[in-house]
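If you use numbering that gives the first Met the number 0, the sequence shown closes out at 374, no skipped numbers anywhere. Following: one structure in structure tokens, then a few remarks.
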Amino acid sequence: MKERRRFSPAGKWCLLVGAAFGVTALLFGHPFPALVAGFALGLLLFGGGRAPFERLRFLRLPPARLVEDEERWLEIDYAYTGRMAPLAVVLRAPGPAALLEAATPALLPTPLGRLPIRLRALRRGRHEKLPFEVQLRGAFGLRTQTAAFEVPTDLWVLPRPRALRERVLEQMLALRPWGSERPQPSGPGEGDFFALREWRAGDSERGVSPRLSARRGRKVVRIFRGEAPPVVHLVVDLRVARAGKRFGQVDFDEAMRFAAGIVRVLLRREVPISLTLLENDGARAAVAATCRDLHSYLGALALAKPEPCVAPPDAPIARESALPGRKVLLHLGQIAEEQLPRDWLAIRVGARRYYQLLDHQLGAPPSDAAERDDG
């Protein structure tokens, strides 16, 4: 715990005025300036020493999963063993993992208490400790004491999925149109049962289950094995150039947001998707195609780190090519797209195809330099 003390601007002026009154009292011998100077100096010098910070402990911050730029109110556990409550307590954490803000007029002296804080996620990844500063103000706010603390936590900052043009992605992957991506069976109950989903506009009434619809209060459609959409295998190449993690005008974190946008779109359309991370050591299966939880995919992308390129991974691409279904490769320029099989959809971050999939209504249009980069 590091502590520092300083005078506020008002405290500095008060100290200057007190010194002026003290000099006046010495020159003219009047008791009133001496009383004012003594009162001002007493306010400034009284602070209780290190005792408030030595008796204050922050125990933990509850586990949380937040998307980048998401704000949430949480409660931090603390313990204070003193008898006098610290006044004007302010908590701040400017980053880099998250922004933390909290303030209270008085921190109750209790063996176990909770203080509401406002937390805003910043840096993608998993953070097990969160550093912050605690500020205590003296009488009339003329003097402040600040100490650095660190609280254990399990904070996951997930990549924020980019808004994509679903129709363009659907055409690139040769998926069926929205609402009719699964043809209805020729007869009721044909084939092996696969899953259930809610009825959407454009669906045939033949697949509606009357019993389950009456139980849930809304139309439910039965899906059979032969009607399932094709599996999409998403391979994210984590390798970057040795010069740094940036590629063109889009950095590595932006690539993870783009991958998260693809996953969100496909899961919303109920398309099975597997996630594979391509590293220098080879391909690593992160999430299986049977998963339907978006946070599982976002958690895998949150832990992804850029790796300097060593050698082209030919074997992992060949292994993924043998799997049935659609193949999507998201890379940062370390893959020769012309050497990929024809059934692969390669998307280079910062290229023309990348910007074709972005929803420009929610973001700025691509720059001319980014368009020339694909040429």
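By construction, the Cβ of each residue, glycine as well, lies at the ideal position given by its N, Cα and C atoms.
Mapping DSSP to helix, strand and coil, what is ASP252?
helix
Taking the beta carbon of LYS326 as the centre, do at least 16 other beta carbons fall within 10 Å, making it buried, or is it exposed?
buried
Could you give the distance in angstroms between the alpha-carbon of GLN338 and the alpha-carbon of VAL309?
18 angstroms
Could you say which of ALA287, ALA299, GLN333, VAL262 lies nearest to ALA240 if we only look at CA atoms?
GLN333
Quick one: is the Cβ of LEU90 within less than 8 angstroms of any heavy atom of the ligand HEM?
You won't find the ligand HEM in this model; it holds no ligand whatsoever.
Taking the alpha helix (DSSP H) that GLU165 belongs to, which residues open and close that run?
165–171
Out of ASP250, PRO93, GLY81, ASP153, state which residue places its alpha-carbon closest to the alpha-carbon of LEU106.
GLY81
Helix, strand or coil for PRO115, going by three-state DSSP, please let me know.
strand
From this set, LEU356, GLU149, PRO95, VAL66, which residue's C-alpha is nearest LEU300's C-alpha?
VAL66
Our contact map puts ILE116 next to GLU100 with C-beta atoms below 8 angstroms; I'd like the distance itself, whole angstroms only.
Between GLU100 and ILE116 the Cβ distance is about 7 angstroms, and since that is below 8 angstroms, they are a contact.
LEU233 and LEU329: beta carbons closer than 9 angstroms?
yes
Between which residues of its own chain and VAL235 is the CB-CB distance below 6 angstroms, once the five residues before and five after are set aside?
ALA258, LEU276, LEU329
Please give the ranges of any beta strand (DSSP E) in the segment 57–134, keeping only runs that are unbroken, at least 3 residues long and fully inside the region.
63–66, 70–79, 86–92, 97–105, 112–120
Whose C-alpha, out of PRO85, TYR296, ARG205, LEU302, is nearest the C-alpha of ALA102?
PRO85
What residue range does the beta strand (DSSP E) around HIS359 cover?
Here HIS359 belongs to no beta strand (DSSP E), and DSSP marks it neither H nor E.
With a threshold of 16 other CB atoms inside 10 Å of the CB of MET255, please say whether the residue is buried or exposed.
Result: buried.
Going by other Cβ atoms of all chains shown within 10 Å of its Cβ, with 16 needed for buried, is GLN144 buried or exposed?
Buried, since its Cβ has 16 or more Cβ neighbours within 10 Å.
Applying the criterion that 16 or more other CB atoms from any shown protein chain within 10 Å of the CB defines a buried residue, is LEU195 buried or exposed?
exposed
Quick one: what's got a C-beta closer than 6 angstroms to TRP343's C-beta in the same chain, skipping five residues either side?
So the qualifying residues of the chain are LYS326, LEU328.
Roughly how far, in whole angstroms, is the beta-carbon of PRO158 from the beta-carbon of ASP252, given that I think they are within contact range, below 8 angstroms?
7 angstroms
Looking at C-alpha atoms only, which residue of GLU336, VAL207, TYR353 is the closest neighbour of GLY260?
TYR353
Label THR289 either buried or exposed according to how many other C-beta atoms from any shown protein chain fall within 10 Å of its C-beta, with 16 as the threshold for buried.
exposed
Within a Cβ cutoff of 6 angstroms, which residues of the same chain sit near SER208, ignoring the five residues on either side of it in sequence?
VAL219, ARG221
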